[in-house]
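All remarks here apply to the structure that follows.
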Amino acid sequence: GASKKKASPAKIRRHYINKLHKASAYGAELEERAKVSCDDRTAIEARAYAAWMRGTLALEVGAWQTACAEFGSALTICRALGQGELSGADGSSTSGEGGAEDLERRDFFAARAEHVIEPLLRYCQYELQEGGMDQSDLRSFLEEQEEAEKKLLEASFPELSLKLPSTLGSLQDKKRIDNATDGTDVSTVHFRSRDIPVESKGLRLDLVKIADLRQELDKEKEGTGEDSASNETKFLDLLSLYDDAVSIISSELKEYEKMKAGPAVNAKRAEAGGLLGYLTHEKLKLLMNRNEDRANRLRASEEAAGNDVPPKLLEQIAHLYDALLQDARSVAQLPGINSGGNG
179 GASKKKASPA
189 KIRRHYINKL
199 HKASAYGAEL
209 EERAKVSCDD
219 RTAIEARAYA
229 AWMRGTLALE
239 VGAWQTACAE
249 FGSALTICRA
259 LGQGELSGAD
269 GSSTSGEGGA
279 EDLERRDFFA
289 ARAEHVIEPL
299 LRYCQYELQE
309 GGMDQSDLRS
319 FLEEQEEAEK
329 KLLEASFPEL
339 SLKLPSTLGS
349 LQDKKRIDNA
359 TDGTDVSTVH
369 FRSRDIPVES
379 KGLRLDLVKI
389 ADLRQELDKE
399 KEGTGEDSAS
409 NETKFLDLLS
419 LYDDAVSIIS
429 SELKEYEKMK
439 AGPAVNAKRA
449 EAGGLLGYLT
459 HEKLKLLMNR
469 NEDRANRLRA
479 SEEAAGNDVP
489 PKLLEQIAHL
499 YDALLQDARS
509 VAQLPGINSG
519 GNG
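What the sequence shown shows, in my numbering, is residues 179 to 521, in sequence order.
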């Protein structure tokens, strides 16, 4: 029989946007029903979910101010839930203080705030600044939205004691807001003497997450001086983010390679190839720095052991140097912005 016709990207996007519209409407309905049928804790969770869905829809259609407002609401609530800052009128916890289930729930909301909602909010801030909103106006806008959300929650749930943490502590301090268009600029990347534009929304968001996680890793490394369990987990999360970003740009490159060659298509192929090279290079550099630090620590242990060096220690050092050599070769073979790149 005839093969099934592949849907066009425009049709797929329309379908996706329609799904988001429905999800946003269902979220709003859930929020309203929870107010009359559920306890306050559940109703607040429903509001956070509804705000997250509205923010996601606004992000996809480019309504950056609306997205900022909704993600800000969701972030404020998730931070409060993650820190256990909700209590009933009698001062008791709304979720069974001290229980294992409560701790797991708090971890879930804290992780949702830090790893999902905050990067989305920062990306929307970045887009607002790219669109011409200056930093002072952005700060004022965020402050107004946060204050409005707190008043709404206090009016809707008067029986609860709401100690709402400020989202501005991490999102609004001068250093991070400045870095949104400076140290963590996601509109372009610099690789092999060229600036390469980043047009994919998904890739830009991954770059924001990568910048945040690298900053956390650097800070933790300065504090401990070595690999803690937490540091190791974040390092693996960072590698996973690089893999996600590589997957996005590899998929785009494959699409460009299917197209008929021409000046515009060739330019897009070159940009995608450059982005793939950049991401691969950054990931390899990360691995090399990690292995070099570990090798140096093992060498220090070797010197301290004197003549009683365990053979296993020497094997570990040799393995790390072999990995470093392989990664260095991979870096040297990376393509540049085009097939004749200046490796």
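Backbone N, C-alpha and C define an ideal beta-carbon position, used for all residues, glycine too. Remember, it's a predicted structure, so these values are computed and weren't measured experimentally.
Beta-carbon within less than 7 Å of residue i's beta-carbon, same chain only, minus the 5 sequence neighbours each way: which residues are those?
i: T220; result: A212
i: A236; result: T244, A245, E248
i: S186; result: none
State buried or exposed for residue i, treating a residue as buried only when at least 16 other CB atoms are found within 10 Å of its CB.
i: D218; result: buried
i: T234; result: buried
i: F369; result: buried
i: I190; result: exposed
Starting from the Cα of residue i, find the closest Cα among the options and give me that residue.
i: G452; options: L395, P441, T411, T366; result: T366
i: L431; options: G455, S418, E410; result: G455
i: L457; options: A423, E210, R468; result: A423
i: S428; options: A473, K446, T411; result: K446
i: Q261; options: L502, A289, D390; result: A289
i: I222; options: Q307, T254, N196; result: T254
i: G250; options: E377, E308, A326; result: A326
i: H199; options: K184, R232, I190, A188; result: R232
i: K397; options: N409, E493, R283; result: N409
Less than 9 Å separating the beta-carbons of residue i and residue j?
i: C256; j: C302; result: no
i: L502; j: E470; result: yes
i: L417; j: L464; result: yes
Can you tell me the Cα-Cα spacing of residue i and residue j, whole angstroms?
i: S479; j: Q511; result: 33 Å
i: K379; j: G240; result: 11 Å
i: L259; j: K490; result: 47 Å
i: D280; j: A291; result: 17 Å
i: V214; j: A201; result: 21 Å
i: I495; j: N467; result: 14 Å
i: L383; j: Y434; result: 22 Å
i: A206; j: W230; result: 11 Å
i: W242; j: D505; result: 40 Å
Only counting the same chain, and skipping five residues up and downstream in sequence, which positions put a Cβ closer than 8 Å to that of residue i?
i: L208; result: A224, Y227, A228
i: I195; result: L235, E238, V239
Take residue i and list the residues in its own chain whose beta-carbon comes closer than 6 Å to its own, dropping the five residues that flank it on each side.
i: S508; result: L462
Is the CB of residue i under 9 Å away from at least one CB in chain C?
i: Q303; result: The structure shown has no chain C; it contains just one protein chain.
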